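Beneath this line is the structure, given in structure tokens, with notes to follow.
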Amino acid sequence: SPIPDYLAEALQSVESDTTGATADYIPELADADPDLLAAAFCTEDGRLYSQGDVDVAFSIQSISKPFVYALALADRGFDEVLGKISVEPSGDAFNDMSLEEGTGRPRNPMINAGAIATHTLAGRRGADPKDRIERIIDGLSAFAGRPLDVDEAVYESEIATAYRNRALANMLRANGIIDEDPLIAVSGYTRQCSVRVTVEDLALMAATLANRGVNPRTGAPVVPAPAVRQTLSVMATCGMYDGAGDWMTRVGIPAKSGVSGGLIGALPGQAGLATFSPRLDDHGNSVRGVDLFQRFTSDMGMHLMEVP
Ligand code: GLN
């Protein structure tokens, strides 16, 4: 296959770009090696290609959000989830403090307010928080096709300084969007964000979304097709936060970024793509990741608004 050479060449073309900076509000992420660089593709039939620092594990961070949203939709149904979390792009930063006027719902499940609410909707209603986080880690593992675990150092580092997320959770509780102790919601959400993955795991997780919710390597059905359609739609409109419009025009596929430097994209019926490069732009999206994705979709004619 020409794909490995193509990937190696693409990585080389962005290698010298050192713009952006690692996330500094989570101490453990601030210390990440900023030069790490990797990319992976997984096709709908489960062929996996990767290049660069493919063995380096990092915390999934906000890339967990679409997957947990899909799990919540699968577990609780659309009515319950949409009743608590809207699906409008906010045009605001990922940690924005505002809720929808009138309803008090978070504007979408990709910003932190919406993701904390989504976290509380995964699993059985009334399940205890330990079972819920287990359900979430098992679900993320099913998307990846192997057992994933939590990076405790990242968890401790983030939870110790999670003042803003605690404020968001308190706001959700005050508005009746969550009905539990806000600290428990933030603790669970932070564990969810601390799940450790490699770029290959991310490509496979994205490929599972691209493949109607069925993991293309294990064959396991992870979430039903309607939940996948909903999730990909929200990724397309809100996955890149206040950079979402720029992303959709330049790159043109549903995507999600995370502050540790990961980035995924899913092209329905075709492939899952992932990159890893820790330096971020002002939106909190990976600088070299965005460049790589722009290159991938234009070289391969993947932009959804373009007739192949
Ligand atoms: N755990 C991070 C937070 O809540 C996730 C943010 C992100 O990856 N954009 O702040």
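Residue numbers (full-length UniProt numbering): 3 to 310. Here a beta-carbon is modelled for each residue, glycine too, at the ideal position from N, C-alpha and C. Because the structure is a prediction, the values reported are computed rather than measured.
Could you tell me the distance, in whole angstroms, from the CA atom of V261 to the CA atom of S3?
-> If you draw a straight line from the Cα of V261 to the Cα of S3, it comes to about 32 Å.
Does DSSP put I87 in a helix, in a strand, or in coil?
-> Coil.
Taking the Cβ atom as the reference point for each residue, do F298 and L38 lie within a distance shorter than 8 Å?
-> For F298 and L38, no; Cβs fall outside 8 Å.
Neighbourhood of M112 by C-beta distance below 6 Å, restricted to the same chain and skipping five residues each side | Correct list, in chain order: K67, C240, G241.
3-residue-minimum beta strand (DSSP E) runs that sit fully inside the segment 194 to 234, ordered along the chain | Here no run is fully enclosed.
According to the Cβ coordinates, are A205 and A117 closer than 8 Å?
-> No. Outside cutoff.
Inspect the beta-carbon positions of A212 and L269 and report whether they are closer than 8 Å.
-> Judged by beta-carbon spacing, L269 lies within the 8 Å limit of A212, meaning their Cβ atoms are closer than that value.
Touching or not, the segment 15 to 27 and the segment 279 to 288, by the rule of three or more beta carbon pairs under 8 Å?
-> Taking a cut-off of 8 Å on C-beta distances, the segment 15 to 27 touches the segment 279 to 288, as three or more cross pairs fall below it.
Cβ pair F145, V224 closer than 8 Å = Contact flag set, yes.
Does the Cβ of E160 lie closer than 7 Å to at least one heavy atom of the ligand GLN?
-> The answer is yes for E160.
Can you tell me which of A229, A273, V236 puts its alpha carbon nearest to the alpha carbon of R78?
-> Among A229, A273, V236, the Cα nearest to that of R78 belongs to A229.
Label K86 either buried or exposed according to how many other C-beta atoms from any shown protein chain fall within 10 Å of its C-beta, with 16 as the threshold for buried.
-> K86 should be labelled buried.
May I have a chain-ordered list of the beta strand (DSSP E) segments no shorter than 3 residues that lie completely inside the segment 39 to 124?
-> Listed in chain order, the complete beta strand (DSSP E) runs (minimum 3 residues) inside the segment 39 to 124 are 40 to 45, 50 to 54.
State yes or no: is the C-beta of F289 within less than 8 Å of the C-beta of D19?
-> Per the sequence shown, residue 289 should be read as Val rather than Phe. With contacts defined by Cβ atoms closer than 8 Å, V289 and D19 form a contacting pair.
Assigned exposure category for L142 - 16 Cβ within 10 Å defines buried = Residue burial is scored here from C-beta neighbours: L142 has at least 16 other C-beta atoms within 10 angstroms and is therefore classed as buried.
Can you tell me the Cα-Cα spacing of L170 and N97, whole angstroms?
-> Computed Cα separation, rounded: 8 Å.
In the DSSP assignment, find the unbroken alpha helix (DSSP H) run with P259 in it and report its ends.
-> For the record, residue 259 in the displayed sequence is Ser; it is not Pro. Note, S259: premise wrong, no alpha helix (DSSP H); beta strand (DSSP E) at 257 to 259.
In chain order, what residues of the same chain lie with their CB nearer than 8 Å to the CB of D47, ignoring the 5 residues before and after it?
-> Excluding residues within five positions, the ones whose Cβ falls inside 8 Å are P218.
Between E103 and S88, is the Cβ-Cβ spacing less than 8 Å?
-> E103 places its beta carbon 8 Å or farther from that of S88.
Mind checking which residues open and close the alpha helix (DSSP H) that includes A32?
-> First-last of the alpha helix (DSSP H) with A32: 29 to 32.
What number of angstroms, rounded off, separates the C-alpha of A209 from the C-alpha of D153?
-> Whole-angstrom Cα-Cα distance: 24 Å.
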